[in-house]
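Q: Adding 4 to a residue's 1-based position in the sequence shown gives its number in our numbering.
Here it is, the structure, as structure tokens.
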Amino acid sequence: MGHVYADITLLNSFDVTAANRGLIPEGDVKKLTVNAMVDSGAMTLTINEDIAKQLDLEVQKQLEVVLADGSYRKCDYVGPVIIHFENRIACCLALVLPGADEILLGVIPLEEMDVIIDPIDQRLIVHPDRPHRAQLKVK
């Protein structure tokens, strides 16, 4: 199976809340549509510093992460970020991997959005058994 990519829209969660409360116009919500690699080996959303800056995401803490090559690195954990894919939504913190050339969409937001990887057509799809709304597994 090759790599699977999906177009997702990332939004600054604080801006969305401010717009919902009427504190800022909806047009002022910082958002960005990107093409992300769907990575079931990654835990969460991974972005680069340019995206974090464009979305004006706040650093929540620093984490030590293990990269695919086994090396360790300290990364900022920013957000929260709202992720939109088709009719699905997820909200999570994002790891900022400086210099990263690809955005990674990991398993935490994938599970929250209730989407699956279609290996035949090599694409991300909403769960076919639940096309109209996500279903989260709680227990």
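Each residue gets a CB set at the ideal place from its N, CA and C atoms; glycine is no exception.
Can we say the region 123–143 touches the region 51–61, given the rule of at least three CB pairs closer than 8 Å?
A: Contact fails: fewer than three Cβ-Cβ distances are below 8 Å.
Q: Could you pull the DSSP bridge partners for L14 from this structure?
A: Paired residues: L36 and I87.
Q: Taking the alpha-carbon positions, what's the L97 to G26 distance?
A: Computed Cα separation, rounded: 24 Å.
Q: Keeping to the same chain, check which residues put their C-beta closer than 7 Å to that of I112; ignore five residues upstream and five downstream.
A: So the list reads M47, T48 and C96, once near-sequence residues are dropped.
Q: Three-state secondary structure (DSSP) at D54?
A: Residue state, collapsed to three classes: helix.
Q: Can you tell me the Cα-Cα spacing of L59 and N91, whole angstroms?
A: Cα-Cα distance, rounded: 21 Å.
Q: For G6 and S44, what's the separation of their Cα atoms in angstroms?
A: Approximately 13 Å, taken between the alpha carbons.
Q: Return yes when the Cβ of V38 is within less than 9 Å of the Cβ of I107, no when it is not.
A: In contact: I107 and V38 (Cβ atoms closer than 9 Å).
Q: Over the uninterrupted alpha helix (DSSP H) stretch that includes I112, give me the two end residues.
A: Residues V111 to M117.
Q: CB L140 to CB E115, shorter than 9 Å?
A: Going by C-beta atoms, L140 is nearer than 9 Å to E115.
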